[in-house]
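K.L.:
Below is one structure. I have some questions about it.
Protein chains: 2
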Amino acid sequence: MGGDGIDETLAAFRSSIDNIDATLILLLAERFKVTRQVGAYKARVGLPPADPERENEQIARLSELAERANLDPSFSEKFLRLVIDEVIRHHTRARNEAGRAGD
Amino acid sequence: MGGDGIDETLAAFRSSIDNIDATLILLLAERFKVTRQVGAYKARVGLPPADPERENEQIARLSELAERANLDPSFSEKFLRLVIDEVIRHHTRARNEAGRAGD
Chain A
1 MGGDGIDETL AAFRSSIDNI DATLILLLAE RFKVTRQVGA YKARVGLPPA
51 DPERENEQIA RLSELAERAN LDPSFSEKFL RLVIDEVIRH HTRARNEAGR
101 AGD
Chain B
1001 MGGDGIDETL AAFRSSIDNI DATLILLLAE RFKVTRQVGA YKARVGLPPA
1051 DPERENEQIA RLSELAERAN LDPSFSEKFL RLVIDEVIRH HTRARNEAGR
1101 AGD
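Protein chains in written order, with this note's numbering: chain A, 1 to 103; chain B, 1001 to 1103.
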C-alpha cells in the first residue's frame, strides 16, 4: 500500500471505532451520574466511600461476562478498577464536602 | 443507618450501575472486534501497530466530548489510554503472528 492519500479500508474501520468510543464516553458519563447520586447518598447516611465486597462481586461478574464476549478478563478487570477508583475519588470528595471527613 | 438488611436505595442505584457496566463490557468487546480487524489489516499491508497521530486526535476528540458530558477529561484520557494500549498489544501480536516482526 502507498503512503499517500487516504486508506479507505482503515478509514471505514476508524469511523466505527469513533462511533463506539463516543458511545462509551457518554455511557461512562451516565454511569458517573448514578455513582454521584450513590456518593451523595452514602455521605448522607454515613456509609464509607469504598465497599470492597461489592467491588469483588462486580469484578467477578464482569470478568465472566467479558469472557463470554471474548474480551480478555484481565483487561475488563483493569477497566473496572480504573472506573471504581474514579468513583471512590468522587465519593471521598462528596463525603468531605458533606463535612464527614475523618469519622 | 443500620448495617443489617438490604438498603433498597443503594440496591436500586447498583442495579442501574450493573446494567451500564454490562453494556460497557459488551461495547468494549465490540470495539476490540473492530480493532482486531484493523490489526489483521495493518499486519497484512505492513502498517505499524501504533499510530501516535491518530491516538492524539482520538484523545483530543474524546476529551472534548467528555467535557460536554460532564466527565472529567483526565479520566477519559486515562480510559482511552488503557484501551489503546490493549489495542497495540493485540496489533503487535497480530503482526508477530503474520511473521512481520522486526521489519
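Ideal Cβ placement from N, Cα and C applies to all residues, glycine included.
Looking at chain B, is there any beta carbon in it that lies within less than 8 Å of the beta carbon of T23/A?
P.N.:
yes
K.L.:
To the nearest whole angstrom, what separates the beta carbons of E77/A and I59/A, a pair I think is in contact under 8 Å?
P.N.:
6 Å
K.L.:
Assuming A1069/B and L26/A form a contact by the criterion Cβ under 8 Å, report the distance between their Cβ atoms to the nearest whole angstrom.
P.N.:
6 Å
K.L.:
Buried or exposed: E67/A, going by 16 or more other Cβ atoms within 10 Å of its Cβ?
P.N.:
exposed
K.L.:
Using the C-alpha atoms, what's the distance from L71/A back to F1032/B?
P.N.:
8 Å
K.L.:
Does the Cβ of A1012/B have 16 or more other Cβ atoms within 10 Å, making it buried, or fewer, making it exposed?
P.N.:
In summary, A1012/B is exposed, with fewer than 16 beta-carbon neighbours lying within 10 Å of its beta-carbon over all protein chains present.
K.L.:
Judging by CA-CA distance, which residue of T9/A, G46/A and A29/A is the nearest neighbour of E97/A?
P.N.:
G46/A
K.L.:
Please list the terminal residues of the continuous alpha helix (DSSP H) segment that includes A12/A.
P.N.:
A12/A: member of the alpha helix (DSSP H) spanning E8 to V45, first to last residue.
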